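Right, one structure below, let's go through it.
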Amino acid sequence: MIEAFYELFLSRYNYWMAIILMLIGLYALIAKQNLVKKLIGLNIFQTAIFLFYISFAEVQGGTAPIYLPEGVDALYVNPLPHVLILTAIVVGVSVTAVGLSLIVRIYEEYGVIDEDDLMQVVRGR
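For the sequence shown, position 9 matches number 196 in the working numbering, and the numbering has no gaps at all.
Right, dumping it as structure tokens:
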């Protein structure tokens, strides 16, 4: 019984942490009205996706994919998810920068960063 619990939950803790982070980020995107908090929720969600995707690259007993002398066999960790996540991190930082610049511009134009207040100001014009 305890071994089944360990196998299901504790041996895959990185997947569970990714799911928890996804839910936190999704909650912030849906429930928060402040645009900065929504952007932070988006970043948390992106980080959870990064963790989840990198977790697939893990191979039990795997080594770094480096050149080994002829005749030496090794089990390698898949490097493709790492490369893709590096690109995704750059895109995520860019999205965050654009989002923050849009929030600053909205604040300069309307004087609010709360979603409901922004809708009232836009409708009132």
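We put the CB at the ideal spot given by N, CA and C, even for glycine.
Values in this document were obtained by computation on a predicted structure and should not be read as measured data.
- Annotation note: the region 190-248 contains no uninterrupted beta strand (DSSP E) run of length 3 or greater.
- Between the alpha carbons of A215 and E257 lies a distance of about 52 Å.
- By the criterion of at least three beta-carbon pairs nearer than 8 Å, the region 230-239 is in contact with the region 203-210.
- Using a Cβ distance threshold of 8 Å, G248 and Y263 do not count as a contacting pair.
- Distances from the CA of K224 to each of V308, Y200, E190, I290 were compared; the closest alpha carbon is that of I290.
- Residue nearest to I217 within the set V309, D303, Y200, S198 is D303 (criterion: CA-CA distance).
- The bridge partners DSSP lists for Y263 are T250.
- With a contact defined as Cβ atoms closer than 8 Å, N221 and D301 qualify at about 6 Å.
- Residues of the same chain with a CB within less than 7 Å of the CB of T283, apart from the 5 flanking positions on each side, are L226, N230 in chain order.
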